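Engineer: Sending over a structure as structure tokens; questions will come in a sec.
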Amino acid sequence: MSPQNNFLFESLNKEQFKAVNHIYGPLLVVAGAGSGKTKALTHRIANLIENNNVNPYNILAVTFTNKAAKEMKQRLEIILAKELATIRFGQPWSTLKEFDQNQLRTVIHQERLQDLWIGTFHSLFSRLLRFDIDKYKDPDGLSWNRQFSIYDETDSQTLLKEIITKEMQLDPKKFNPKKIKWAISNAKNQCLTPKELEEKSENQIDKLIADAYMRYRIALSRNNALDFDDLLLLPVFLLRQNHKVREYWHKRFMHILIDEYQDTNRTQYELIKLITTGDTDSEQFFEWEDRSIFVVGDADQSIYSFRAADFRILIGFKEDFKNKPNDKSDCIIKLENNYRSTSNILSAANSLIENNTERIEKVLKATKSDGEPLKLISCDDEISEAEAITSKIRSLGSKNNSPNWSKFAILYRTRAQSRVIEESLVRWRIPYTIYGGLRFYDRKEIKDAIAYLKVLINNADNISLLRIINVPRRGIGKTTIEKLNEIANKLELPLWEVINNKECLISTIGRSSKGINQFTELMNELTCYVENSGPSQLLQLILEKSGYLNELIMSGTDESEERRNNLQELVNAAIQYEEETENGDAEGFLATAALTTDSDDNKKNVSNSVTLMTLHNSKGLEFQNVFITGLEQGLFPSYRSIDTPSLLEEERRLCYVGLTRAKERLFLTHARERRLWGGNREVTIPSIFLQEIPEELIDGEIPQSGGISLKRDFHLDRLTRVDRNNNFVKNTPINSVRRLYSGPTKGEKWKLGDLLLHPKFGKGEIIHIFGSGEKISLAVKFGDKGSKILDPRIAPIRSINS
DNA sequence: ATGTAGGTGGTTTTT
DNA sequence: CCACCTACAT
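This is the structure in structure tokens:
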């Protein structure tokens with residue numbers, strides 16, 4: 049059939065059409081922000097299935113987030129259902145009743161899309177490992193089975209810390225487990241084995257890290273566990289060594305699509321290459337015949353190099369996948385029409401990004417009119433910044449009787465910046481949602497419940513076992529656990545094997561084994577249910593039989609009520625998982641739990657609230673009104689990037705991503721001074737990025753000071769906070785609020801040119817006064833000691849008469 | 001075995 | 001400033 053007649057192609061521009069109609073061979077789609085790349089992707093998949101007889105079973109589609117995967121699947125469902133509508137009902141989709149529409153979608157979902165693999169690299173390849181991990185033969189003799197646990201950052205750090213302190217006998221203060229984990233992760237993302245890392249090491253510390261990596265790997269395998277990076281790294285080794293496995297996946301995934309290709313790292317790239325080329329020698333060029341690889345990306349939006357993403361992979365695409373050495377065929381399509389933002393916003397973004405050197409030349413062309421100029425909001429400090437943002441949102445929102453808060457997004461470089469903004473929003477009763485931060489699955493009670501399930505599935509998982517062995521309290525103490533753990537290590541057995549052995553217990557810890565017995569009996573009883581129960585039922589049983597729920601009910605506090613609700617929510621999530629996957633097993637549910645982030649949660653999107661998130665989290669989203677905050681040197685761009693050109697370019701790309709999120713209005717804010725971590729306020733320098741946007745596009749504005757009349761009130765007690773261990777923190781005082789409420793200062797006795805005496809710096813002269821009233825800081829010049837910024841309420845200074 | 005006080009160290013971005 | 005860890009008291 050002639051594809052041109054197909055409505056699949058109706059709403060596409062010329063370039064999008066070319067992309068969608070690409071069938072075999074490699075293709076790189078360079079897609080600028082807002083240029084309709086998701087459309088190109090979904091329509092191409094539909095085109096493959098609908099018009100080119102491709103079985104969805106043979107398609108692998110990689111997205112950057114689970115949310116994107118979900119959305120893509122839904123869009124695909126609708127496209128195909130529309131197609132089906134004309135065939136089944138002989139009438140267009142829009143004229144069908146909702147009931148019929150839904151029925152068609154269900155049909156498509158069940159009959160056509162069930163076998164389509166679509167998801168993040170991590171979720172897709174954890175799935176692949178569930179099939180084939182037992183076929184992996186490790187050169188060091190390590191092994192895993194398909195019940196493997198997935199360790200999150202905390203779990204793996206716990207494990208690594210144990211290795212560093214106990215096995216290697218190093219001082220964790222000198223050798224920070226976090227940093228070592230970071231280094232190991234980096235190696236894994238570059239596809240390096242411990243051995244390769246060791247060969248590359250140049251100094252003692254590098255050697256130590258390689259050693260830790262080696263031991264960490266062994267420890268993971270003893271726990272039958274993998275960390276996030278392993279989910280990609282292990283498949284690479286498996287596919288490299290096992291021809292049969294490689295051929296299987298090569299033959300299965302004939303059409304590979306990858307979104308956000310600029311954020312691919314070496315390991316992911318290796319993975320894709322292995323599956324695409326299959327059993328051919330890398331020296332040889334194979335025929336594409338009936339297969340394709342289709343990647344979409346934008347080098348200007350590459351913002352994840354800190355986790356080893358490398359956008360040069362995108363730039364090298366043509367070289368990597370061209371047909372023959374001399375192939376001249378053009379396998380690049382550029383999407384440059386932007387359908388999202390006003391022309392002013394685009395001009396600003398284009399000007400900014402032109403300051404980067406490493407790029408694929410590309411200019412976003414506006415399809416919308418000029419719109420309003422960008423607004424620059426300069427503020428005294430971070431509190432007035434927050435107030436200015438809030439007041440702007442209020443004035444724009446109040447034009448409407450029922451304001452649509454979800455049209456607003458506040459973006460920041462670091463999470464720490466959100467706090468002050470939250471306080472301001474709470475004060476003005478503006479509803480907001482923070483993305484990122486504490487994951488649902490990271491809450492204490494959820495991690496506990498999941499740990500039970502993990503141990504039931506994989507009893508070698510010591511980290512999870514140790515987490516729950518005394519939760520709820522069974523009177524098992526630290527020394528007992530320590531003792532047993534030592535025995536387990538000595539015998540090279542999982543801790544579970546040791547505690548599940550009555551003789552062993554009695555001979556080693558004797559009378560203090562009561563609690564342990566209670567625990568093993570519980571787990572043995574629960575194990576009986578594993579085979580015939582789904583994850584939701586198992587969780588329910590765990591919570592009841594362990595006494596976890598009872599304990600929460602007994603305590604009867606608001607906090608425990610909240611925890612119970614969360615646990616109910618967890619059971620619901622498991623039920624939903626079972627429905628979506630048609631009786632998916634507990635292993636699959638655990639993988640979902642490990643790999644789901646908060647921003648994947650679609651429930652949040654429907655609420656009418658202002659969005660707060662990091663710039664990183666904003667990738668792929670769009671909002672009517674966007675605030676980019678904290679545009680100061682050292683904050684954005686970050687102080688760690690400021691002196692390194694390549695890192696600075698990444699910050700600039702991050703800024704570019706931020707700018708291009710906005711559809712209509714864009715606000716840029718900065719504070720003239722800022723308290724970074726409660727310490728002294730620092731005078732700031734406006735971000736270099738502000739200078740890189742043409743002046744004529746920006747409209748300055750008089751900064752709003754923090755001195756709006758504030759009514760003491762409400763809600764502050766509802767700002768329940770949770771610490772990093774997920775315990776609720778009671779009555780956290782909110783300092784900035786307190787500061788704003790406390791009355792006027794004891795008087796402004798300081799003025800320019802005054803002389804003062806400081807015990808450490810000596811005599812100084814006030815050369816500048818920042819702020820006024822309560823929030824005053826003095827810049828004082830101390831002769832040979834240089835200048836300092838002082839807070840006169842804190843600094844031990846007294847004025848002297850000249 | 002468990003709870004709490006105080007000292008200390010760390011602060012970019014995430015699957 | 002905040003969260004974590006350790007040491008100590010119960």
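To convert, take the position in the first sequence, counting from 1, and add 48; that gives our numbering.
Each residue gets a CB set at the ideal place from its N, CA and C atoms; glycine is no exception.
None of the values given here were measured: they were computed from a predicted structure.
Please identify the residue among Thr629, Thr315 and Leu513 whose C-alpha is closest to the C-alpha of glutamine 158.
Structural biologist: Out of Thr629, Thr315 and Leu513, Thr629 has the C-alpha closest to the C-alpha of glutamine 158.
Engineer: Looking only at C-alpha atoms, which of Glu246, Thr111 and Gly73 sits nearest to lysine 85?
Structural biologist: Thr111
Engineer: Quick one: residues in its chain with C-beta nearer than 7 Å to the C-beta of threonine 568, no 5 flanking neighbours on either side, listed in chain order?
Structural biologist: Ile547 and Asn548
Engineer: Among Ala79, Thr708, Ile736 and Asn728, which one has its Cα closest to the Cα of serine 395?
Structural biologist: Thr708
Engineer: Is it the case that the Cβ atoms of serine 83 and leucine 400 are separated by a distance below 8 Å?
Structural biologist: no
Engineer: Can you tell me the Cβ-Cβ gap for tyrosine 387 and aspartate 496, rounded? I've got them flagged as a contact below 8 Å.
Structural biologist: In fact, because the Cβ distance is near 46 Å, the residues do not count as touching under 8 Å.
Engineer: Which full runs of the beta strand (DSSP E) of 3+ residues lie inside the region 133-203, going along the chain?
Structural biologist: 165-168 and 197-199
Engineer: Checking 8 Å against the spacing of the C-beta atoms, do alanine 710 and asparagine 673 come in under that value?
Structural biologist: yes
Engineer: Please report the distance separating the alpha-carbon of glutamine 238 from that of aspartate 311.
Structural biologist: 13 Å
Engineer: Only counting the same chain, and skipping five residues up and downstream in sequence, which positions put a Cβ closer than 8 Å to that of glutamate 635?
Structural biologist: Arg178, Arg194, Gln195 and Ile505
Engineer: In angstroms with no decimal places, state the Cα-to-Cα distance between valine 284 and valine 468.
Structural biologist: 44 Å
Engineer: Who pairs with leucine 305 in a beta bridge, going by DSSP?
Structural biologist: Assignment of beta-bridge partners to leucine 305 by DSSP yields Ala109 and Phe342.
Engineer: Does the separation of the CB atoms of serine 853 and isoleucine 623 fall below 8 Å?
Structural biologist: Since the first and last residues shown for the chain are 49 and 850, residue 853 lies out of range.
Engineer: According to the Cβ coordinates, are isoleucine 676 and leucine 716 closer than 8 Å?
Structural biologist: It is a contact, given that the beta carbons lie within the stated cut-off.
Engineer: Taking 8 Å as the cut-off, decide whether the C-beta atoms of isoleucine 351 and leucine 702 are in contact.
Structural biologist: yes
Engineer: By alpha-carbon positions, which one of Asp802, Thr556, Ile323 and Leu553 ends up nearest to histidine 298?
Structural biologist: Comparing Cα-Cα distances from histidine 298 to each of Asp802, Thr556, Ile323 and Leu553, the minimum goes to Ile323.
Engineer: Could you tell me the alpha carbon to alpha carbon distance between serine 466 and isoleucine 746, rounded to whole angstroms?
Structural biologist: 25 Å
Engineer: Residues in its own chain within less than 7 Å of leucine 513 by CB, not counting five upstream and five downstream?
Structural biologist: Val503, Leu543 and Trp544
Engineer: Which one of Leu124, Asp346, Ile127 and Glu131 has the shortest CA to CA distance from valine 411?
Structural biologist: Asp346
Engineer: Just verifying my parser: in three-state terms, what is the DSSP assignment at arginine 442?
Structural biologist: helix
Engineer: Report back the beta-carbon spacing between histidine 170 and phenylalanine 342 to the nearest angstrom; my notes put them in contact at under 8 Å.
Structural biologist: Contact doesn't hold; Cβ gap of about 20 Å is too wide.
Engineer: For the region 599-619 and the region 441-460, state whether three or more C-beta atom pairs, one from each stretch, are separated by less than 8 Å.
Structural biologist: no
Engineer: Over what stretch of residues does the alpha helix (DSSP H) that includes alanine 94 continue unbroken?
Structural biologist: 85-99
Engineer: Name, in chain order, the residues that DSSP records as bridge partners for methionine 661.
Structural biologist: Methionine 661 is bridged to Leu459.
Engineer: With 16 as the cutoff for other CB atoms within 10 Å, does leucine 417 come out buried or exposed?
Structural biologist: Contrary to the premise, residue 417 reads as serine rather than leucine in this sequence. Looking at its Cβ environment, which holds fewer than 16 other Cβ atoms inside 10 Å, serine 417 is exposed.
Engineer: Apart from the five residues on each side of it in sequence, which residues of its chain come closer than 7 Å, Cβ to Cβ, to leucine 591?
Structural biologist: Here the set comprises Ala497, Leu597 and Leu615.
Engineer: Is the CB-CB distance between alanine 116 and glycine 668 below 8 Å?
Structural biologist: The beta carbons of alanine 116 and glycine 668 sit closer together than 8 Å.
Engineer: Give the secondary structure of glutamine 316 by DSSP, where H, G and I count as helix, E and B as strand, and everything else as coil.
Structural biologist: Secondary structure at glutamine 316: helix, using DSSP grouped into helix, strand and coil.
Engineer: With which residues is lysine 413 paired in a DSSP beta bridge?
Structural biologist: Asn385
Engineer: Going by other Cβ atoms of all chains shown within 10 Å of its Cβ, with 16 needed for buried, is proline 104 buried or exposed?
Structural biologist: In summary, proline 104 is buried, with 16 or more beta-carbon neighbours lying within 10 Å of its beta-carbon over all protein chains present.
Engineer: Starting from the C-beta of isoleucine 750, find all residues in its chain whose C-beta is less than 7 Å away, skip the five residues before and the five after it, and write them out in chain order.
Structural biologist: In this predicted model, isoleucine 750 has a pLDDT of only 40, less than 50, meaning its place in the structure is not dependable; the value taken from the coordinates is given anyway. Cβ neighbours of isoleucine 750 beyond the five flanking positions: none.
Engineer: Which residues mark the beginning and the end of the beta strand (DSSP E) in which cysteine 427 is found?
Structural biologist: 422-427
Engineer: Give, in chain order, every unbroken run of the alpha helix (DSSP H) that is at least 4 residues long and sits entirely within the region 555-607.
Structural biologist: List check, alpha helix (DSSP H) in window: 562-578, 583-593 and 596-603.
Engineer: Hey, quick one: how far does the beta strand (DSSP E) through asparagine 673 stretch, first residue to last?
Structural biologist: 671-676
Engineer: In the DSSP assignment, the beta strand (DSSP E) including valine 731 goes from what residue to what residue?
Structural biologist: Start and end: 729-731.
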